[in-house]
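Novice: Have a look at this one before I ask anything.
2 protein chains.
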Amino acid sequence: MAPVLEPYFKQVDSMADSFIDRLRKAVAIPSISADAAHRPAVVKMADFLENELTTLGAHVERRYLGEQHPGLDLPPVLLGRYGDDPKKRSILVYGHYDVQPALKEDGWATDPFTLHVDEKDRMFGRGSTDDKGPVLGWINAIEAHKKAGIEFPVNLLMCFEGMEESGSEGLDNLIKQEAQVFFKDVDAVCISDNYWLGAEKPCLTYGLRGVSYFGIEVSGPGQDLHSGVYGGTVTEPMTDLINVMSTLVNNKGRILIPGIYDQVAPVTPEEEALYADIAFTMQDLYDGIGSKTAIFDDTKSTLMARWRNPSLSLHGVEGAFSAEGAKTVIPAKVIGKFSIRTVPDMDPEKVEKLVQQHVEWEFAKLNSNNTFKFHPLHAGKWWVSSPKHWNFTAAAKAVEQVWGVKPDMTREGGSIPVTLTFEQQTGKNVLLLPMGSSTDAAHSINEKLDKKNYIQGTKMLGAYLHFVAEEPITE
Amino acid sequence: MAPVLEPYFKQVDSMADSFIDRLRKAVAIPSISADAAHRPAVVKMADFLENELTTLGAHVERRYLGEQHPGLDLPPVLLGRYGDDPKKRSILVYGHYDVQPALKEDGWATDPFTLHVDEKDRMFGRGSTDDKGPVLGWINAIEAHKKAGIEFPVNLLMCFEGMEESGSEGLDNLIKQEAQVFFKDVDAVCISDNYWLGAEKPCLTYGLRGVSYFGIEVSGPGQDLHSGVYGGTVTEPMTDLINVMSTLVNNKGRILIPGIYDQVAPVTPEEEALYADIAFTMQDLYDGIGSKTAIFDDTKSTLMARWRNPSLSLHGVEGAFSAEGAKTVIPAKVIGKFSIRTVPDMDPEKVEKLVQQHVEWEFAKLNSNNTFKFHPLHAGKWWVSSPKHWNFTAAAKAVEQVWGVKPDMTREGGSIPVTLTFEQQTGKNVLLLPMGSSTDAAHSINEKLDKKNYIQGTKMLGAYLHFVAEEPITE
Ligand SMILES: [Zn+2]
Ligand SMILES: [Zn+2]
Ligand SMILES: [Zn+2]
Ligand SMILES: [Zn+2]
C-alpha cells in the first residue's frame, strides 16, 4: 500500500460513525427536485453541503441558474474548491444533491427520509446511494485527511447540482461558461453517480449509450369520437399509428429502420476479448428484469446489446385510452413514443433523419387521410472514453487498494448527459467511478447504500485522488 | 288530424312554460350517477319524479337494486303505472333520470345545472336531452291529458332508472324478474333515449349494433424497466403487443380477423333501397367527426358502415407510458384494448372465438418468450326490429301528425343494451322514438334540447300513445 494511504484508511475507519451521521442528516432533507413544493428542501440541502464544505475550509460559490418557471427558482449549483496549489493537479468531481420522489406509501419498509441501518449494515433512505452517499464521500475524504494531518494530494474542484433528477436544467450552460473560468485548471474529471454492474465487484465505467427520443403523431377527427357512432366510417388515427409503430423493431431487439446499423462501429478483437472477464451472469440479468424473458442466453451477447449496440423501445401512446376497464373511444389524436439508444459511431442527426424518413414512408404507404407529424423530442449523444487513460489507471489502482481486486472496465446502457458535457467543455478525460452496487435500488422503493460501500467508497475516492495526483500522464 | 289530438296539442302548447319549468327543476338536480358523492342528488331526482307522477295520480313503486359497493346504495328504479284498464293496451316506456358528469370548467358556456334558454330557444343544461327531457315528456303528456279532460288512451307502464350512464347495474335482472309481474300485460315497448340522425328530420330507430370488447395482455419482466439499462436485452412486451394489434384492422375499416365477415347478413335489395331516402349528408358526417377524414365519400356506404357492417376500433394501451413528455420506460405488462361493433347475424360467442384464435395465432408467430393473455371484457348483442311492426307504424303516424313529415327509419351504430333486454324479457316489440336531434351534444359540454323538440316531442309521445292504442295488430 502506498504509505500515505494507510493512515488515511485508518482515519476513515475511525470516523465511520460520524460519516454515517453525516449521511443521516443529508437523507433527512427531502430534496426532491421534481416537486416544486419541495424546492425549499432542495435549497436546504445546498445550504447543508455548503456549510459542511466551508467548515472544512473549502471555498464555495453558489451559482443561480434562474427560474424554472415564473416564481420558482432553480436550485443553486455549488461550485467548490479545496486547495489552490499550482503545483498540484486539479481534479473536478461532480455529484448531485437532489433526489427522486419517495413516499412511505409507495411501499417503503421504513420512512424514506429517515436513514435506517439494518442488521446487514444496509443503510436505507432516499438519496443514500443516488447521489448523497457519493457526494458526502468526497467531503468525508477531505475531513479524514484534515483530521489525520495528511496533505491533500490535489486541488479538488467540485460541481454539485440540485436538478439532476429533473433534467439538470441550466447546468450545461453553466459548465460551458465556467469551462475556462472556474474549471480552467482541471486536469481530469471524476463523476460518482452510477453503480457497479453487479453486487460484488467494483467497476470503472468508460462508456454510455446515447438516447434519441421520438414522438409520432397521427390526427384526424376534431375530437374524440364514440366508436359505436363512428366506427367503420372514420379513418382512425390509432390504426395508422399502430401500423407505423409495428414497423420499428422486432421482438428480438432488431431495429427495422433502414440504415441504422450502418453507423454502428464494428467490434474489434480487442473489444471482443473484454467481455469474457466481466463479473456478470445471466442470473444477474434475470434478477434485474425480474423474469427470464431475455433476448439472449449468454452474457457476451447481453452485455454487447446493453453497452455497444443500439436498441429501440416502444414506450407508449399519448392520447389513447390508457386506464383500466373498457372505454369505447376513437381517439382523435395519438402520439406514439419510442426511443433509440445510440452507440459509437452513430450521429444523432443522422439517426433522426433515418427515423423521420422511415416513419414518413411507412405512413405514406398506408394511404391515409389522417395527418402525420414527426416530433424529435430530445437527443443525447453516446459517450465513450479510453479505459487506458491515466485517469482510469489511477482509479483502478485505488479500487485495487481498497477492494483487493482489479475493477471491471464496463460501459452502461443508459445515459448520463453531463459526462459528455464535461468532456466536451473541459477537453479533459472523464471517469465514472461508482460507489454503490447494482442492488441499491436507486429510483425505486427501499433505496439503500451498504455501509461497506460507503466507508470503503470514501477510502476509494481519497485513494483515487492520491493516485491521480501522481499517475504518469501517458496519453 | 285524429279529432282527439287537436285539443291535446292545444293543451300542450298552452302549458309549454310550465313544462319548461318542470325541465328547469329537473336539470337543477345534478343526478350524476358516475360520482358517488352525487348519489344523494340521484336519489333526489328519483324523489322528484315520484312526486310528479303520484301528484298526477300515477302509482309508483321504488325498486332497490342493492349496493353498488359496500356503503353505496344503487339508485332506485321507479316502476310506474298510469291507468289500469284491462280494455286498454299497456305500453311500457323506459327512460333514465341520471346524467353524465358536467363541470362549468369543462367549457360550458353557462352553468350546466341551471337551464339556460337562449334567443334561439335552445335549452342548455346537463340532462336536458339525455334523458330528462324525454322522461318528462311522458309526464307532460299525462298532465296535458288530465288538464284537457281527454281520456288517456293506454295503460302507461314506466321504468325509469338512475344508473344508465354508469352501466345500468342491476337493471337487467330487475327486468327479468318483473317481466311476468309488473310488466306482464305489456303490449309494446317504447324507449325515448336516442337522437335524430340529423338536425331537422325525425326518425324511428329499429336497429342497433352490438359491441364485443377485448383486452390482449402481454407481460414479461417483473416490473417496469429502464430502457437504457435493459433496452436490447429483454423481450419487450410492447413490441409484441403492437405487432399483434397491427394485425386486427386496416385504416379502410376492414377487419383482418379471418371469418368475421362470414357471419354478416347479406344486403337485400329491399334494404339497399332504404338508404337513398335517408336525410343524411356527408356534411352531417363531417360536422359530427369535426374533420373530413372519412373512409367513404358517399352516404350509402357511410350509413351501411355505421348501421349494418361490423367495425373494429383500437382504443388504447393500458400499462404503457401515456402522459405528455418523454419517459424512457420499458413497460412490464401492457394490455391492448379494442372492440368490434357487431351486426346481424354475428354471434358474440363465435366472434369471441374467432378473435381469440386470431390473436393467439398472431402472438405465436412472434415466437416470443413473453406471456400472452386474452381477455374478453364484455359483449352486448346487436338488436334489429321490424320497422313495419304496428308499434312503428303507430309511431310513424304520430311523427307525421306532429312534424308533418314521414320519419326516416334508421339504425344506429352504438348500442343501447336495455333495448334487447326488454325485447327478450317481455317478448314484445321495442321501438326507439327519439325526441332530441343529433346537434344536442349529449355527453358533451353545452348539452341542449331545443324548445321545439321538447314541446313537439311531448305532443309526439302523446300522439304515439293514441295511435298505438288503436293500430291494427298486423304482426
Ligand atoms: Zn444520480
Ligand atoms: Zn438518479
Ligand atoms: Zn341516455
Ligand atoms: Zn347518455
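Sequences listed follow chains D and A, in order.
All residue numbers for the first sequence refer to numbering that gives the first Met the number 0, where the first residue is 0 and numbers rise by one.
All residue numbers for the second sequence refer to numbering that gives the first Met the number 0, where the first residue is 0 and numbers rise by one.
Glycine included, every Cβ here is placed at the ideal spot set by N, Cα and C.
With a 10 Å radius around its C-beta and 16 neighbouring C-beta atoms as the bar for buried, classify D:Ser17 as buried or exposed.
Specialist: Taking the first residue of the first sequence as position 1, residue 17 of chain D is located at position 18. Per the 10 Å Cβ criterion, exposed.
Novice: Which residues, in chain order, sit with a beta-carbon under 7 Å away from any heavy atom of ligand 4?
Specialist: In chain order, the qualifying residues are A:Gln99, A:Asp129, A:Asp130, A:Glu163, A:Glu164, A:Ala441, A:His442.
Novice: Tell me D:Arg24's beta-bridge partners as DSSP assigns them.
Specialist: Residue numbering aside, residue 24 of chain D sits at position 25 when the first sequence is read from its first letter. What sits at residue 24 of chain D in the sequence shown is Lys, not Arg. None, per the DSSP bridge assignment.
Novice: Quick check: the segment 212 to 225 of chain D against the segment 454 to 473 of chain D, are at least 3 beta-carbon pairs closer than 8 Å?
Specialist: Contact between the segment 454 to 473 of chain D and the segment 212 to 225 of chain D is absent, because fewer than three Cβ pairs lie under 8 Å.
Novice: If the criterion is Cβ atoms closer than 8 Å, does the pair A:Gly161 and A:Tyr96 meet it?
Specialist: Residue numbering aside, residue 161 of chain A sits at position 162 when the second sequence is read from its first letter. Residue numbering aside, residue 96 of chain A sits at position 97 when the second sequence is read from its first letter. Closer than 8 Å, so yes.
Novice: DSSP has A:Gly79 in a bridge; who is on the other side?
Specialist: Translated into the one-based positions of the second sequence, residue 79 of chain A becomes position 80. According to DSSP, which records beta bridges pairwise, A:Gly79 is partnered with A:Val59, A:Met157.
Novice: From A:Lys387, A:Pro257, A:Gln282, pick the residue whose C-alpha is nearest to that of A:Gln355; which is it?
Specialist: Locating residue 355 of chain A in the second sequence gives position 356, counting from the first residue. With distances taken between Cα atoms, A:Gln355 lies closest to A:Pro257.
Novice: With a threshold of 7 Å on Cβ separation, who are the neighbours of D:Gly315 within its own chain once the five nearest residues in sequence on each side are excluded?
Specialist: Mapped onto the first sequence, residue 315 of chain D falls at position 316. Answer for D:Gly315: Lys336, listed in chain order.
Novice: What is the rounded straight-line gap between the Cα of A:Pro48 and the Cα of D:His225?
Specialist: Counting from one through the second sequence, the residue named residue 48 of chain A turns up at place 49. Counting from one through the first sequence, the residue named residue 225 of chain D turns up at place 226. Looking at the sequence shown, residue 48 of chain A is not Pro but Leu. If you take the alpha carbons of A:Leu48 and D:His225, they lie about 30 Å apart.
Novice: Spatial neighbours of A:Gln262 within its chain, please: CB distance less than 8 Å, with the 5 preceding and 5 following residues excluded, ordered by chain position.
Specialist: Here the question's residue 262 of chain A lines up with position 263 in the second sequence. Same-chain partners within the cutoff: Asp344, Met345, Asp346, Lys349, Val350.
Novice: Is the CB-CB distance between A:Ala143 and A:Val11 below 8 Å?
Specialist: Here residue 143 of chain A corresponds to residue number 144 of the second sequence, with the count starting at 1. Here residue 11 of chain A corresponds to residue number 12 of the second sequence, with the count starting at 1. For A:Ala143 and A:Val11, yes; Cβs fall inside 8 Å.
Novice: Output the distance between the C-alpha atoms of A:Lys299 and A:Asp439, rounded to the nearest integer angstrom.
Specialist: What you label residue 299 of chain A is simply residue 300 of the second sequence in a count that begins at 1. What you label residue 439 of chain A is simply residue 440 of the second sequence in a count that begins at 1. So the two alpha carbons sit approximately 24 Å from each other.
Novice: Beta-carbon within less than 7 Å of D:Arg549's beta-carbon, same chain only, minus the 5 sequence neighbours each way: which residues are those?
Specialist: With chain D covering 0 to 474 only, the question about residue 549 of chain D has no answer from this structure.
Novice: D:Pro236 to A:Pro201, Cα distance in whole Å?
Specialist: Here residue 236 of chain D refers to the residue found at position 237 of the first sequence. Here residue 201 of chain A refers to the residue found at position 202 of the second sequence. The straight-line gap from Cα to Cα measures roughly 32 Å.
Novice: Classify A:Ala40 as buried or exposed, calling it buried when 16 or more other Cβ atoms lie within 10 Å of its own Cβ.
Specialist: In the second sequence, the residue the question calls residue 40 of chain A occupies position 41. Classification of A:Ala40: buried, given that the 10 Å Cβ count is 16 or more.
Novice: Could you check where the alpha helix (DSSP H) with A:Val248 kicks off and where it finishes?
Specialist: Working through the second sequence from its first residue, we reach residue 248 of chain A at position 249. Looking at the DSSP string, A:Val248 is not in any alpha helix (DSSP H), and its letter there is neither H nor E.
Novice: Assuming D:Asp192 and D:Pro133 make a contact with CB atoms under 8 Å, what is their CB distance in whole Å?
Specialist: Locating residue 192 of chain D in the first sequence gives position 193, where the first residue counts as 1. Locating residue 133 of chain D in the first sequence gives position 134, where the first residue counts as 1. Confirmed, Cβ separation roughly 6 Å.
Novice: Name the chain D residues that come within less than 8 Å of A:Ser32, Cβ to Cβ?
Specialist: The residue you call residue 32 of chain A lines up with position 33 of the second sequence. Result: empty, since nearest Cβ-Cβ is about 16 Å, beyond 8 Å.
Novice: Hey, would you say the C-beta of A:Asp439 is under 7 Å away from at least one heavy atom of ligand 3?
Specialist: As a working mapping, residue 439 of chain A is identified with position 440 in the second sequence. No, the beta carbon of A:Asp439 sits no closer than 7 Å to any heavy atom of ligand 3.
Novice: Is the closest heavy atom of ligand 3 to the C-beta of A:His95 under 7 Å?
Specialist: In the second sequence, residue 95 of chain A corresponds to position 96, counting from 1. Flag set: Cβ of A:His95 near ligand 3.
Novice: Below 7 Å on C-beta distance, what does D:Ser338 contact in chain A?
Specialist: The count along the first sequence starts at 1 and reaches residue 338 of chain D at position 339. What D:Ser338 touches in chain A: Ser226, Thr327.
Novice: Rounded to the nearest angstrom, what separates A:Ser367 and A:Lys332 at their Cα positions?
Specialist: The residue labelled residue 367 of chain A in the question sits at position 368 within the second sequence. The residue labelled residue 332 of chain A in the question sits at position 333 within the second sequence. Computed Cα separation, rounded: 14 Å.
Novice: Is there a Cβ of chain A sitting closer than 8 Å to that of D:Phe295, yes or no?
Specialist: Start at 1 with the first residue of the first sequence, and residue 295 of chain D comes out as number 296. Yes, contact with chain A.
Novice: Given this structure, state the Cα-to-Cα distance separating A:Tyr7 from A:Tyr453, to the nearest angstrom.
Specialist: Within the second sequence, numbered from 1, the residue matching residue 7 of chain A stands at position 8. Within the second sequence, numbered from 1, the residue matching residue 453 of chain A stands at position 454. Using only the alpha carbons, I get a separation of about 15 Å.
Novice: Tell me the start and end of each unbroken alpha helix (DSSP H) in the segment 336 to 369 of chain A that is at least 4 residues and wholly inside, in chain order.
Specialist: Listed in chain order, they are 347 to 364.
Novice: Quick check on A:His68: buried or exposed, where buried means 16 or more other Cβ atoms within 10 Å of its Cβ?
Specialist: Along the second sequence, one-based indexing puts residue 68 of chain A at 69. Exposed is the call here.
Novice: Considering only their Cβ atoms, is the gap separating D:Gly227 from A:Arg307 smaller than 8 Å?
Specialist: Working through the second sequence from its first residue, we reach residue 307 of chain A at position 308. Working through the first sequence from its first residue, we reach residue 227 of chain D at position 228. For A:Arg307 and D:Gly227, no; Cβs fall outside 8 Å.
Novice: Evaluate D:Tyr260 with the Cβ neighbour count: other Cβ atoms within 10 Å of its Cβ, from every protein chain shown; 16 or more gives buried, anything less gives exposed.
Specialist: Here residue 260 of chain D refers to the residue found at position 261 when the first sequence is read from its first residue. Classification for D:Tyr260: exposed.
Novice: If you follow the beta strand (DSSP E) that D:Phe213 is in, where does it begin and where does it stop?
Specialist: Walking along the first sequence from the start, residue 213 of chain D turns up at place 214. Segment 209 to 218, the beta strand (DSSP E) holding D:Phe213.
Novice: Any contact of the segment 79 to 98 of chain D with the segment 162 to 172 of chain D, i.e. 3+ C-beta pairs under 8 Å?
Specialist: In short, these stretches touch, since the Cβ pair count reaches three.
Novice: Taking 7 Å as the cut-off, is the CB of D:Asp192 close to at least one heavy atom of ligand 1?
Specialist: As a first step, residue 192 of chain D is located in the first sequence; it is residue number 193 there, counting from the start. Result yes, Cβ under 7 Å from ligand 1.
Novice: Please list, in chain order, the chain D residues whose beta carbon lies closer than 7 Å to that of A:Leu284.
Specialist: In the second sequence, counting from the first residue as 1, residue 284 of chain A sits at position 285. Within 7 Å Cβ-Cβ: Thr232.
Novice: Do the segment 238 to 254 of chain D and the segment 233 to 253 of chain A meet, that is, are 3 or more Cβ pairs less than 8 Å apart?
Specialist: Contact holds: three or more Cβ-Cβ distances are below 8 Å.
Novice: Cβ closer than 7 Å: which chain D residues qualify as neighbours of A:Ala101?
Specialist: Stepping through the second sequence from its first residue, residue 101 of chain A is reached at position 102. Here the premise fails: no neighbours, minimum Cβ distance about 16 Å.
Novice: Nearest by alpha-carbon distance to A:Ile138: which of A:Lys364, A:Ile288, A:Thr54, A:Glu270 is it?
Specialist: For the purposes of this step, residue 138 of chain A is identified with residue 139 of the second sequence, where counting begins at 1. Residue A:Thr54 is the option with its Cα nearest to A:Ile138.
Novice: Under 8 Å between the Cβ atoms of A:Thr232 and D:Ile294?
Specialist: For the purposes of this step, residue 232 of chain A is identified with residue 233 of the second sequence, where counting begins at 1. For the purposes of this step, residue 294 of chain D is identified with residue 295 of the first sequence, where counting begins at 1. Cβ distance < 8 Å, so A:Thr232 and D:Ile294 count as in contact.
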